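Asks:
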């Protein structure tokens, strides 16, 4: 069956899948947050072992380290991801007059950033410290802002493509790029020694939870007055 083009009228499925995903990641997200906040010894030891190993690799392989710095500071930087979200917002407004959907997308990205920064301040976890650092970063460690922002933005972009009926080829390309970006940015943060492995895992989990809750909220209220203008066929 031929897939409709990306500019076809949006039609969101029910919130069931999003709710199930949110339920699946909520418990591990909260559990990991508690264990990190408590500085649970087995978790701290595991983080330390992984960090020491990857830092040794980073010092011994400066070419790969420099490549990872470019990727994490430019290609997968949170501001690059937010710029991608801004482009999607403009596309929704200018090409589809989907004002409420654009506002919802913006609000989700903003709330994800606020959640991330709030948890950083609340947990106040120290970043790894090295006598021979290969990179530097500021603010608290948990959760990884790079990992969470990439997960939120890529997840929202994939959902928008589904909402507007993206073709199979475009969908597969977007999915591959999203997987590489989300996994890649997390691994670069660990390799560069600016995050513990659980910081990245926490960012991934919280990013998935944010997207799932946001999608569930949109699909739940799609038929109400607030969202009617974004979902009805032209």
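In the working numbering, the protein residues as written are 747 to 980.
Note that CB positions come from ideal geometry on N, CA and C, so glycine has one too.
Just so we're clear, the structure is a prediction, and the values are computed from it rather than from any experiment.
1. Could you give the distance in angstroms between the alpha-carbon of residue 880 and the alpha-carbon of residue 805?
2. Check the C-beta distance from residue 943 over to residue 793 and give it rounded, since I have them as a contact under 8 angstroms.
3. Expressed to the nearest angstrom, what Euclidean distance is found between the alpha-carbon atoms of residue 855 and residue 836?
4. Starting from residue 879 and walking both ways along the alpha helix (DSSP H), at which residues does that stretch end?
5. Going by C-alpha distance, which of 785, 936, 955 and 831 is nearest residue 871?
6. Leaving out five residues on either side along the sequence, give the residues of the same chain with a beta carbon under 8 angstroms from the beta carbon of residue 899.
7. Anyone know if the C-beta pair for residue 858 and residue 894 falls short of 8 angstroms?
8. Which runs of the alpha helix (DSSP H) at least 4 residues long sit entirely within the region 796-847? Give them in chain order.
9. Secondary structure at residue 940, three-state DSSP: helix, strand or coil?
10. State whether the region 950-961 contacts the region 765-772, with contact taken as three or more CB pairs (one from each stretch) at a distance under 8 angstroms.
11. Can you tell me the Cβ-Cβ gap for residue 886 and residue 866, rounded? I've got them flagged as a contact below 8 angstroms.
12. Counting pairs of Cβ atoms below 8 angstroms between the region 907-924 and the region 944-954, do you hit three or more?
13. By the 10 Å Cβ neighbour count, where 16 or more other Cβ atoms means buried, how is residue 935 classified, buried or exposed?
14. For residue 775, name the three-state secondary structure that DSSP assigns.
15. Residue 883 and residue 940: beta carbons closer than 8 angstroms?
16. What is the residue span of the alpha helix (DSSP H) that residue 893 lies within?
17. When the Cα atoms are used, what is the spatial distance from residue 816 to residue 873?
18. Going by beta-carbon coordinates alone, are residue 860 and residue 848 separated by less than 8 angstroms?
19. Comparing C-alpha positions only, which one of 918, 924 and 953 sits nearest to residue 774?
20. When you compare only the Cα positions, how much space is there between residue 962 and residue 812?
21. Within its chain, find whatever has a CB closer than 6 angstroms to the CB of residue 901; leave out the 5 residues flanking it on each side and keep chain order.
22. Can you name, in chain order, every residue of its own chain whose Cβ lies under 8 angstroms from the Cβ of residue 878, other than the five neighbours on each side?
23. Judging by CA-CA distance, which residue of 921, 875, 889 and 771 is the nearest neighbour of residue 783?
24. Residue 892 and residue 822 look like a contact to me (Cβ under 8 angstroms); what is the Cβ gap, rounded to whole Å?
Replies: Answer, in terms of the structure:
1. Reading the chain shown from its first residue, position 134 is the one you call residue 880. Reading the chain shown from its first residue, position 59 is the one you call residue 805. Approximately 7 angstroms, taken between the alpha carbons.
2. Numbered from 1 along the chain shown, position 197 holds the residue referred to as residue 943. Numbered from 1 along the chain shown, position 47 holds the residue referred to as residue 793. Yes, residue 943 and residue 793 are in contact; Cβ-Cβ is about 6 angstroms, under 8 angstroms.
3. Here residue 855 corresponds to residue number 109 of the chain shown, with the count starting at 1. Here residue 836 corresponds to residue number 90 of the chain shown, with the count starting at 1. Between residue 855 and residue 836, the alpha-carbon positions lie close to 14 angstroms from each other.
4. In the chain shown, the residue the question calls residue 879 occupies position 133. Following the DSSP letters along the chain, one finds residue 879 in no alpha helix (DSSP H), marked with neither H nor E.
5. As a position in the chain shown, residue 871 is number 125, starting the count at 1. Among 785, 936, 955 and 831, the Cα nearest to that of residue 871 is on 785.
6. Here residue 899 is taken as the residue at index 153 of the chain shown, counted from 1. Around residue 899: 827, 828, 830, 831 and 855.
7. By 1-based counting over the chain shown, the position of residue 858 is 112. By 1-based counting over the chain shown, the position of residue 894 is 148. A contact, by the Cβ cut-off of 8 angstroms.
8. As far as the region 796-847 is concerned, its whole alpha helix (DSSP H) runs of at least 4 residues are 808-816 and 824-842.
9. The count along the chain shown starts at 1 and reaches residue 940 at position 194. If DSSP states are grouped into helix, strand and coil, residue 940 belongs with coil.
10. Cβ pair count under 8 angstroms is three or more, so yes.
11. Taking the chain shown and counting its residues from 1, one reaches residue 886 at position 140. Taking the chain shown and counting its residues from 1, one reaches residue 866 at position 120. That belief holds up - the Cβ atoms of residue 886 and residue 866 are roughly 4 angstroms apart, short of 8 angstroms.
12. At 8 angstroms Cβ cutoff, the stretches do not touch.
13. Position 189 of the chain shown, counted from the first residue, corresponds to residue 935. Per the 10 Å Cβ criterion, buried.
14. Your numbering for residue 775 matches position 29 in the chain shown. Under the three-state reduction of DSSP, residue 775 is assigned to helix.
15. Taking the chain shown and counting its residues from 1, the one referred to as residue 883 is at position 137. Taking the chain shown and counting its residues from 1, the one referred to as residue 940 is at position 194. Yes, they are a contact pair.
16. Against the chain shown, residue 893 aligns to sequence position 147. Element bounds for residue 893: 891-909.
17. Taking the first residue of the chain shown as 1, we reach residue 816 at position 70. Taking the first residue of the chain shown as 1, we reach residue 873 at position 127. Residue 816 and residue 873 have their C-alpha atoms some 20 angstroms from each other.
18. Translated into positions along the chain shown, residue 860 becomes position 114. Translated into positions along the chain shown, residue 848 becomes position 102. At a Cβ-Cβ threshold of 8 angstroms, residue 860 and residue 848 do not count as neighbours.
19. By one-based count along the chain shown, residue 774 stands at place 28. Checking every option, the nearest Cα to that of residue 774 belongs to 953.
20. Position 216 of the chain shown, counted from the first residue, corresponds to residue 962. Position 66 of the chain shown, counted from the first residue, corresponds to residue 812. If I take the Cα positions, the gap works out to 40 angstroms.
21. Locating residue 901 in the chain shown gives position 155, counting from the first residue. In its chain, beyond the 5 residues on either side, 957 have a beta carbon closer than 6 angstroms to the beta carbon of residue 901.
22. Numbered from 1 along the chain shown, position 132 holds the residue referred to as residue 878. Apart from sequence neighbours up to five positions away, the residues of its chain that approach residue 878 with a beta-carbon distance below 8 angstroms are 805, ordered along the chain.
23. What you label residue 783 is simply residue 37 of the chain shown in a count that begins at 1. Looking at the Cα atoms, 889 is the closest of the given residues.
24. Working through the chain shown from its first residue, we reach residue 892 at position 146. Working through the chain shown from its first residue, we reach residue 822 at position 76. That pair is a contact at about 6 angstroms.
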